[in-house]
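Trainee: For the sequence shown, the tail end lands on 1562 under the numbering used here, and the numbers increase by one without skipping. Let me begin by handing over the structure; questions about it come next.
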Amino acid sequence: MSDEEDIIDGPDIMEEPEPELDNSSDSDDEPIDISKEIIDDIEDINVFKKNYSDLLKKNKTNNVLSKYEKTKILAKRCEQLESGCLPLIKDYEKYDNIYDIALEELNEKKIPFILKRFINGKYEYWKLEDLIY
1430 MSDEEDIIDG PDIMEEPEPE LDNSSDSDDE PIDISKEIID DIEDINVFKK NYSDLLKKNK
1490 TNNVLSKYEK TKILAKRCEQ LESGCLPLIK DYEKYDNIYD IALEELNEKK IPFILKRFIN
1550 GKYEYWKLED LIY
């Protein structure tokens, strides 16, 4: 027998049996629990919105958006637009690509992002609309 015959006559890798799926649904018996982490994040966002003016007074960095932060924000917004998010500006049809849409949203201060800066072992939070760029 030649090597070619051994390969042809050997067991076919593609013919492995598929694992059987368990169709019994145990999730109907038990209610779905929301994890504590998700609840904590929601509470933190609500606290942030209420105490934002106090947090601004404690910030030590300037309210200037760096070119690196701007690039990261535009990249993240382009990613969102590419995945199907609706643009936040009117007449977005006149723009050729999603980068131009994201740039115009940034110039009009329509992007609702919160910037998190690490400084001296702590974090500072800035709303994008409060930064100068």
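Idealized CB from N, CA, C, for every residue including glycine.
Over what stretch of residues does the alpha helix (DSSP H) that includes residue 1553 continue unbroken?
Mentor: Counted from its first residue, the sequence shown places residue 1553 at position 124. Careful: residue 1553 lies outside any alpha helix (DSSP H), inside the beta strand (DSSP E) at 1551–1556.
Trainee: Return helix, strand or coil for residue 1560, following the three-state DSSP convention.
Mentor: As a working note, residue 1560 is residue 131 in the sequence shown. In the structure shown, residue 1560 sits in coil (DSSP, three-state: anything other than H, G, I, E or B).
Trainee: Report the CB separation of residue 1503 from residue 1535 in whole angstroms; it is logged as a contact under 8 Å.
Mentor: Residue mapping note: residue 1503 aligns to position 74 of the sequence shown, counting from 1. Residue mapping note: residue 1535 aligns to position 106 of the sequence shown, counting from 1. The Cβ separation is near 6 Å, so the contact holds.
Trainee: Quick check: the Cα distance between residue 1471 and residue 1529, rounded to an integer number of angstroms?
Mentor: Position 42 of the sequence shown holds residue 1471. Position 100 of the sequence shown holds residue 1529. Low confidence applies here, because residue 1471 scores a pLDDT of 48, under 50, leaving its location unreliable; read the following figure in that light. Cα to Cα, residue 1471 sits roughly 32 Å from residue 1529.
Trainee: For residue 1484, I'd like the list of residues in its chain whose CB is within less than 7 Å of its CB, leaving aside the five on either flank, ordered along the chain.
Mentor: Indexing the sequence shown from 1 puts residue 1484 at position 55. Excluding sequence neighbours, residue 1484 sits near 1554.
Trainee: Apply the 10 Å Cβ neighbour rule to residue 1515 and answer buried if 16 or more other Cβ atoms are within range, or exposed otherwise.
Mentor: For the purposes of this step, residue 1515 is taken as the residue at position 86 of the sequence shown. The residue in question, residue 1515, is exposed, as its Cβ has fewer than 16 Cβ neighbours within 10 Å.
Trainee: So, helix, strand or coil for residue 1477, using DSSP?
Mentor: For the purposes of this step, residue 1477 is taken as the residue at position 48 of the sequence shown. Secondary structure at residue 1477: helix, using DSSP grouped into helix, strand and coil.
Trainee: Taking DSSP as the reference, what is the three-state secondary structure of residue 1545?
Mentor: Taking the first residue of the sequence shown as position 1, residue 1545 is located at position 116. Residue 1545: strand per DSSP, three-state reduction.
Trainee: Just the Cα atoms here: how many angstroms apart are residue 1519 and residue 1533?
Mentor: For the purposes of this step, residue 1519 is taken as the residue at position 90 of the sequence shown. For the purposes of this step, residue 1533 is taken as the residue at position 104 of the sequence shown. Distance between the alpha carbons of residue 1519 and residue 1533 is about 10 Å.
Trainee: State the Cα-Cα distance for the pair residue 1467 and residue 1473, rounded to the nearest angstrom.
Mentor: Counted from its first residue, the sequence shown places residue 1467 at position 38. Counted from its first residue, the sequence shown places residue 1473 at position 44. Unreliable placement is indicated for residue 1467, whose pLDDT of 39 sits below 50; no coordinate value is reported for it.
Trainee: Let me know if residue 1548 comes out buried or exposed under the rule of 16 or more other beta-carbons within 10 Å of its beta-carbon.
Mentor: The residue labelled residue 1548 in the question sits at position 119 within the sequence shown. Under this definition residue 1548 is an exposed residue.
Trainee: Among the candidates 1488, 1482, 1477, 1478, whose CA atom is the shortest distance from the CA of residue 1551?
Mentor: Locating residue 1551 in the sequence shown gives position 122, where the first residue counts as 1. Cα-wise, what sits closest to residue 1551 is 1488.
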